[in-house]
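Sequence order for the protein chains is U and E. For the first sequence, the tail end lands on 526 under this note's numbering, and the numbers increase by one without skipping. For the second sequence, the tail end lands on 1257 under this note's numbering, and the numbers increase by one without skipping. A virtual CB, placed ideally from N, CA and C, is assigned to each residue, including glycine. Note sheet for the following structure.
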Amino acid sequence: MRTLVLVLAVTLAFGAGPVTEKQLLEAQRDPGSWLHYGRNYAAWRYSEQTGINASNVARLAPRWIYQTGVNGKFETTPIVHGGLMYITAPSNHSYALDLATGRPIWHHYKPVPRGVNVCCGQVNRGFAMLGDTLYKVSLEATLQAIDSKTGQLLWETPVEDPKRGYSTTATPLIVKNSVIVGMAGAEFGTRGFIDSYDATTGKRLWRFWTVAGPGEPGAESWAGDSWKRGGASTWVTGSYDPELNLTYWGTGNPGPDFDGSVRKGDNLYSCSLVAVDATTGKLKWHFQFTPHDVHDWDSTHDPVLVDLDHNGRKVKAVLIANRNGFYYALDRTNGKMLTAKAYTQVSWADGIRPDGRPNLIAGQDPTEDGNKSCPGIGGGHNWQATTYSPATGLYYFPTTDGCQIYFKYAQEYVDGLWYQASTTQGIGDEPLVGSIVAVKPASGEIAWRYRLVSTPTSGLLSTAGGLVFGGDREGYVFALDSATGKVLWRFQTGGMVIAPPISYEFRGKQYIAIAAGSAMMTFSLP
Amino acid sequence: MVRVLLTGLLLLTAGSAQDKNPLHGNKDAIEAGKGMFRIYCAPCHGIAAQGGRGPDLTLGSYTAGNEDASLYRVIANGVAGTEMPGYSDRFDSDGIWRVVSYIRSVAGRPAPPLTGNRAAGEKLFWGKGACGACHRLGMRGSRIAPDLTLVGRTRSVEYLKEALVAPNASITPGYNTITIVTKEGKKIAGVQRNYDAFSAQVMDAQENYHSFFRDEVRSMERSLESMMPSYAATLSPRELDDMLAFLASLRGKGDTQ
């Protein structure tokens, strides 16, 4: 009897035990957990809690702060489960933190080996969880299974060879008993892919190459052997539709980024959304947003799955705020375009045709002396997490607004080293600025725009409390009214906010958590 | 004995790797270093390393020292008190050496001739140009505009030339003009110390700090125009050359009188 009471008490105190497939499917309904990168398989990043709402958010205050002491860009989306928060930090650090106090329960660390090349910092975007096991990738392109109770490494599977420019940074996606991972390294002459691994053994189940090779459909879109260095990396976690058993992943720029003359053709499946069967890894359909990209406009965004009313019929749609400056809604059963509309200043195309191809405007490509084009290299909308609120029916995402000068030069490829073939520069009297926009998903019409003074860095969270949370380059986290974009709360964290916020309930209270600088912070009402 | 010899050999190898660029002249390293330079360094040092807001690196002479180890140290750790950041968190040691290899490969351009008279330029700086009303040299002058004590070291000659006649072409980050109108209608203009979505901190012409929250004032505007006037019309070509000679000579302690 005493044992039973103890077991019950532990269960009540620390939630639900091992994470099951059912819990992952129903993650949206569990207020005490955050189990997926995008909260649910549809990547909504929406909290159904109303404890913190438009009428009381002004009183939101810090609850605890955990300082990792690790320098670098802190991009994690935490996993919250069983009274603990699991976070990954830069340079292969990760932690379990106590939800009540923020005190560390364990720390896992593996030094980054010499010779690992990464374009954009030694980042990691978070854990996935199944059973008692946490899954993360390492900078040296491995998949790691870690015991959630102790932080002990259970197994580690090589994904690719880091000496050839491959790395891994994205949060894995759990589907049934598999772990789906993407890769990074399109600036180093790699060939992109999406992998699936057995969650128990770490054995690879399938690989889908995001660059079509010889004999595969799309191979004709690469001149000569340019496919070997074709890029199309997959560095932001995809979403999953259990009914269709399809997983949706955005793909990055073709390599080299700015010199398209060495890779003539559309360069499939770079700058695309691919829908892949989650069991077999076979391509169901693809949609290429930017054929033959020469501006580094990766299509690595969270694909958000929403059922839309479109021309009087209900359509299973996927929403994409693309880096090329256009917002798209696609039919996620077949990849057909429903809507495309510019959400920021665009100079390279004057619209998207019904077949999905852009109406190109001449004279926009990079040159050796530099050529102005809009948006800038970061987009548009970059990787920052977006959010869909079923309460308002709006889709929210951060945007960078403005133009840059694009340069190119002929660069010889050296195995595993930088292969970008030039760069961009800002325009002195036209600094890039940013905004957070709320878009009507069926039409692409902008409902409201909240202007930032600099380019956005953080992702977003929407809540049933009528709020959109975000952060900025200057260290503020803030809450906007989800209906109007009006600022309702702000807090200066003292460090750049690059990660997206999350929300969960703990001991009857709603919390907001977000990484800022090198610290993880939580907020609640007094 | 074999172990002792081996250890000694390893130490020697490691030591030389730090002092001398192991990738010097390596074609692949230069090519990769050029790619890295264009992404990370070109925004300040220019697309061909010819200088800009950062020093000209094609002259083959570097303020922090001409040795490989000095270049490595500057790239890895940055230069305190300047806008040069360290890159050791982004590049491993081979990556830094590749950038050094590229920088060495473009060195050898002759320094642009400076025909002006330094002493005459200094007189203009404090006199007719009234530069000291905003800028500071050592302990003299005002604090509202960028300190120019090291400007000959941190900016290329071409950049300084442009700054004198077209100051809006490139405003030093953090030196925009902010104008605030309070709810009572009082107008305060100053130089940006911070400017964000919710607040601004500025220094006015009397070197006083002010801090405002955006939602507590009537308006808060940032101008993309520099507070600095153009000297294209007020100084003669000869005077501009003199001023340039003086500015280019400002490389640290002992330059000012």
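Note to self: Is there a C-beta anywhere in chain U that falls below 7 Å from the one on E:R1251?
What the structure shows: The residue you call residue 1251 of chain E lines up with position 251 of the second sequence. Contact with chain U is absent for E:R1251, since none of that chain's Cβ atoms lies less than 7 Å from the residue's Cβ.
Check: Quick one: does the C-beta of U:A464 sit closer than 6 Å to a heavy atom of the ligand PLP?
Finding: This structure does not include the ligand PLP; it has no bound ligands of any sort.
Next item on the list: Enumerate, from N- to C-terminal direction, the unbroken beta strand (DSSP E) stretches of 3 or more residues contained entirely within the region 1122-1176 of chain E.
Entry: Positions of the beta strand (DSSP E) runs, each at least 3 residues long and wholly inside the region 1122-1176 of chain E, cannot be given because no such run exists.
Check: How far does the beta strand (DSSP E) with U:S196 in it reach, from first residue to last?
Finding: What you label residue 196 of chain U is simply residue 196 of the first sequence in a count that begins at 1. Where U:S196 is concerned, the enclosing beta strand (DSSP E) stretches over F193 to D198.
Next item on the list: For the region 507-524 of chain U and the region 370-377 of chain U, state whether three or more C-beta atom pairs, one from each stretch, are separated by less than 8 Å.
Entry: By the Cβ criterion, the region 507-524 of chain U is not in contact with the region 370-377 of chain U, since fewer than three pairs of Cβ atoms, one from each stretch, lie closer than 8 Å.
Next item on the list: Mind checking the region 61-76 of chain U against chain E and listing, in chain order, the residues whose C-beta falls within less than 8 Å of any C-beta there?
Entry: Using a CB distance below 8 Å, the part of the region 61-76 of chain U facing chain E consists of N71 and G72, ordered along the chain.
Notebook entry, point to check: Taking 7 Å as the CB-CB cut-off, is E:I1178 touching chain U?
Noted result: Translated into the one-based positions of the second sequence, residue 1178 of chain E becomes position 178. With respect to chain U, the C-beta atom of E:I1178 has no partner C-beta closer than 7 Å.
Check: Is the shortest distance between the beta-carbon of U:G51 and the beta-carbons of chain E less than 7 Å?
Finding: As a first step, residue 51 of chain U must be located in the first sequence, where it is residue number 51. Taking Cβ atoms only, chain E never reaches closer than 7 Å to U:G51, which makes this a no.
Checklist line | C-beta atoms of U:G139 and U:I146 nearer than 7 Å | finding: In the first sequence, counting from the first residue as 1, residue 139 of chain U sits at position 139. In the first sequence, counting from the first residue as 1, residue 146 of chain U sits at position 146. As written in the sequence, residue 139 of chain U is Leu, which differs from the Gly given in the question. By the CB criterion at 7 Å, U:L139 and U:I146 fall outside the cutoff.
Next item on the list: May I ask which residues mark the beginning and end of the alpha helix (DSSP H) holding E:H1045?
Entry: Within the second sequence, the letter at position 45 stands for residue 1045 of chain E. Counting along the chain, the alpha helix (DSSP H) containing E:H1045 begins and ends at A1042 to H1045.
Next item on the list: Using only alpha-carbon positions, find the residue among U:C403, U:R103 and U:E412 that is nearest to U:P431.
Entry: Working through the first sequence from its first residue, we reach residue 431 of chain U at position 431. Per the Cα distances, U:C403.
Note to self: Please return the same chain residues whose Cβ sits closer than 8 Å to the Cβ of E:S1101, not counting the five positions on each side in sequence.
What the structure shows: The residue labelled residue 1101 of chain E in the question sits at position 101 within the second sequence. Cβ neighbours of E:S1101 beyond the five flanking positions: N1021, L1023, H1024, G1025, N1026, A1029, I1030 and G1033.
Checklist line | Which of helix, strand or coil DSSP assigns to U:Y269 | finding: Here residue 269 of chain U is taken as the residue at index 269 of the first sequence, counted from 1. Taken through DSSP and simplified to helix, strand or coil, U:Y269 comes out as coil.
Margin query: Tell me which residues share the same chain as E:T1256 and place their Cβ nearer than 6 Å to its Cβ, disregarding the 5 neighbours each side in the sequence.
Written below: Locating residue 1256 of chain E in the second sequence gives position 256, counting from the first residue. Only weak support is given to the placement of E:T1256: the predicted model assigns it a pLDDT of 43, under 50, and the value that follows is read from those uncertain coordinates. Excluding positions up to five away in sequence, the list reads L1137 and G1138.
Next item on the list: Only counting runs of 3 or more residues, tell me where the beta strand (DSSP E) segments fall wholly within the region 291-354 of chain U, in order along the chain.
Entry: You should have 304-310, 313-321, 326-331, 337-342 and 349-352.
Checklist line | E:M1228, enclosing alpha helix (DSSP H) - first and last residue | finding: Taking the first residue of the second sequence as position 1, residue 1228 of chain E is located at position 228. E:M1228 -> no alpha helix (DSSP H), and no H or E assigned at all.
Check: Which first and last residues belong to the beta strand (DSSP E) in which E:A1248 is found?
Finding: On the second sequence, residue 1248 of chain E is found 248 positions in, with the first residue counted as 1. Per DSSP, E:A1248 lies in no beta strand (DSSP E) segment; the continuous alpha helix (DSSP H) that holds it begins and ends at P1237 to A1248.
Check: Mind checking whether U:A199 and U:S178 have CB atoms under 7 Å apart?
Finding: Here residue 199 of chain U refers to the residue found at position 199 of the first sequence. Here residue 178 of chain U refers to the residue found at position 178 of the first sequence. Yes, the Cβ-Cβ distance between U:A199 and U:S178 is below 7 Å.
Checklist line | Touching by the beta-carbon criterion (3+ pairs, under 8 Å), the region 297-305 of chain U and the region 239-251 of chain U | finding: These segments touch.
Notebook entry, point to check: U:G393: which of U:S196, U:K408, U:G444 and U:P111 sits nearest, CA to CA?
Noted result: For the purposes of this step, residue 393 of chain U is identified with residue 393 of the first sequence, where counting begins at 1. Nearest option by C-alpha distance: U:G444.
Next item on the list: State the beta-bridge partners of U:T88 as determined by DSSP.
Entry: Working through the first sequence from its first residue, we reach residue 88 of chain U at position 88. Beta-bridge partners of U:T88 (DSSP): U:S94.
Checklist line | Beta-ladder partner(s) of U:Y504, from DSSP | finding: Counting from 1 along the first sequence, the entry for residue 504 of chain U is found at position 504. The partner list for U:Y504 (beta bridge, DSSP) reads U:Y511.
Notebook entry, point to check: DSSP three-state call for U:V211: helix, strand or coil?
Noted result: Residue 211 of chain U sits at position 211 when you count from the first residue of the first sequence. Here U:V211 sits in coil by DSSP.
Item checked: Neighbour-count burial assignment, U:I427, 16 or more Cβ in a 10 Å radius -> For the purposes of this step, residue 427 of chain U is taken as the residue at position 427 of the first sequence. Flag for U:I427 reads exposed.
Check: Count the other CB atoms within 10 Å of the CB of U:T399; is the residue buried (16 or more) or exposed (fewer)?
Finding: Here residue 399 of chain U refers to the residue found at position 399 of the first sequence. Its Cβ being crowded by 16 or more others within 10 Å, U:T399 is buried.
Checklist line | Rounded separation between E:L1059 and E:P1110 - CA only | finding: Mapped onto the second sequence, residue 1059 of chain E falls at position 59. Mapped onto the second sequence, residue 1110 of chain E falls at position 110. In a straight line, the C-alpha of E:L1059 is about 6 Å away from that of E:P1110.
Notebook entry, point to check: What are the start and end residues of the alpha helix (DSSP H) that includes E:R1073?
Noted result: As a working mapping, residue 1073 of chain E is identified with position 73 in the second sequence. That run of the alpha helix (DSSP H) goes D1068 to N1077.
Next item on the list: Answer yes if the region 270-280 of chain U comes into contact with the region 350-359 of chain U, meaning at least three C-beta pairs across the two stretches below 8 Å, and no otherwise.
Entry: The region 350-359 of chain U is not in contact with the region 270-280 of chain U.
Checklist line | Cα-Cα separation between E:P1113 and E:A1245, rounded to whole angstroms | finding: Walking along the second sequence from the start, residue 1113 of chain E turns up at place 113. Walking along the second sequence from the start, residue 1245 of chain E turns up at place 245. Between the C-alpha atoms of E:P1113 and E:A1245 there is a straight-line separation of about 10 Å.
Next item on the list: Please state whether DSSP places U:S47 in a helix, a strand or coil.
Entry: On the first sequence, position 47 is the one that residue 47 of chain U refers to. Correct three-state label for U:S47: strand.
Check: Does the beta-carbon distance from E:G1174 to E:Q1192 come in below 7 Å?
Finding: Indexing the second sequence from 1 puts residue 1174 of chain E at position 174. Indexing the second sequence from 1 puts residue 1192 of chain E at position 192. Yes, Cβ-Cβ distance for E:G1174 and E:Q1192 is below 7 Å.
Notebook entry, point to check: Roughly how many angstroms lie between the CA atoms of U:L130 and E:D1092, to the nearest whole one?
Noted result: Numbered from 1 along the first sequence, position 130 holds the residue referred to as residue 130 of chain U. Numbered from 1 along the second sequence, position 92 holds the residue referred to as residue 1092 of chain E. About 35 Å.
Next item on the list: Count the other C-beta atoms from every protein chain shown that fall within 10 angstroms of the C-beta of E:S1156, then say buried if there are 16 or more, exposed otherwise.
Entry: Translated into the one-based positions of the second sequence, residue 1156 of chain E becomes position 156. Around the beta carbon of E:S1156, 16 or more other beta carbons sit within 10 angstroms, so the residue counts as buried.
Next item on the list: Leaving out five residues on either side along the sequence, give the residues of the same chain with a beta carbon under 7 Å from the beta carbon of E:G1190.
Entry: Position 190 of the second sequence, counting from 1, holds the residue named residue 1190 of chain E. Excluding positions up to five away in sequence, the list reads I1178, V1202, M1203, D1204 and H1210.
Checklist line | Same chain only: Cβ atoms within 7 Å of U:D30, ignoring 5 sequence neighbours per side | finding: Residue 30 of chain U sits at position 30 when you count from the first residue of the first sequence. For U:D30, where only same-chain residues beyond five positions count, the Cβ hits under 7 Å are Q23.
Notebook entry, point to check: Given that a residue counts as buried once 16 or more other Cβ atoms are within 10 Å of its Cβ, and exposed if not, what is U:P456?
Noted result: The residue labelled residue 456 of chain U in the question sits at position 456 within the first sequence. Around the Cβ of U:P456, a 10 Å sphere holds 16 or more other Cβ atoms; the residue is buried.
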